[in-house]
Amino acid sequence: MKKFGICLITFFLLSINNIYGIVKENYKKIEGHIIMNDGTEYRGYIKMPKLYTKWLQITLHDNNEMIEVPSQEVKELDVWRPIHPDKVHRFVYRPYKAKDLFSGMKEKALKPIWMCMEALGDNVIFFSSGYYYYLYMDGTLEITSAKGTINLYGLKPGKTDVTLIGPIKFGTKRLRKALMKFLADDPALCTKLKEKEIKPSEWNIIADQYHPVR
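Here it is as structure tokens:
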């Protein structure tokens with residue numbers, strides 16, 4: 053009887069360890085939902101993309117198969133930690149336009165990169181990008197860069213390419229000026245930015261209040 057009790061306790065402890073191992077492993081994973089340009093959807097555990105990742109890796113929930121999909125064909129990617137489904141971060145793989153110093157400051161179309169949606173309004177969407185995207189266990193997303201450059205972008209209705217507004221961490225004054233230039237077709241909002249009624253880092257407020265004069 054004593055041996056049976058010891059065996060039972062041992063079995064119980066091993067079961068607890070196995071359950072703990074499974075929970076811990078799943079706790080580390082990142083949920084992903086991919087929507088392709090043709091409407092195909094994939095759900096599973098995703099490997100977070102970097103700025104220039106050209107193929108996304110996802111382990112499907114349906115059959116536990118790991119597949120790769122071309123970033124170029126991805127419409128949008130949502131990621132979150134399994135224990136924080138309320139903290140979803142949306143990524144897109146888009147080309148963007150920026151001023152080219154070597155061509156008289158004309159806009160130049162640049163290759164697609166992965167960027168994270170920061171704010172969505174009726175007339176503008178703001179994105180940010182860095183070289184690395186890290187999703188903490190609490191669901192918080194951190195964007196970092198080897199060179200320290202984190203950029204802000206904007207997309208207006210009817211446009212296909214995202215526009216580079218400027219580096220986020222190159223000073224409040226410069227970011228405010230860059231935003232006012234991008235949002236110049238809304239004088240009222242630009243006045244609020246100029247008078248410091250709205251901070252240049254308050255992208256959700258800016259996106260909600262942006263109403264271009266047509």
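The opening residue of the sequence shown carries number 53 in the working numbering; numbering runs sequentially from there.
Glycine is no exception: its CB is placed at the ideal position from the N, C-alpha and C atoms.
Checking contacts by CB at 8 angstroms: is L231 closer than that to chain D? Any reference to chain D falls outside this structure, which holds one protein chain only.
Tell me which same chain residues have a C-beta within less than 6 angstroms of the C-beta of A17, skipping the five on either side of it? An answer regarding residue 17 cannot be provided, because it is not within the stretch 53 to 266 covered by the chain.
Would you tell me roughly how many angstroms separate the C-alpha atoms of K99 and M167, rounded to the nearest one? Approximately 15 angstroms between the Cα atoms of the pair.
For the pair the segment 102-109 and the segment 118-128, tell me if three or more CB-CB distances fall below 8 angstroms. Taking 8 angstroms as the limit for Cβ pairs, the verdict is that the segment 118-128 does touch the segment 102-109.
Where P137 sits in the DSSP three-state scheme: If DSSP states are grouped into helix, strand and coil, P137 belongs with coil.
For the alpha helix (DSSP H) containing R226, list its first residue and its last residue. 224-234
Here's the rule I'm using: 16 or more other beta-carbon atoms within 10 Å means buried, otherwise exposed. How should P137 be labelled? exposed
On the three-pair Cβ rule with 8 angstroms, is the segment 194-213 touching the segment 133-150? A contact exists between the segment 194-213 and the segment 133-150.
For A198, tell me which candidate among D238, Y184, C242, I87 has the shortest Cα-Cα distance. Y184
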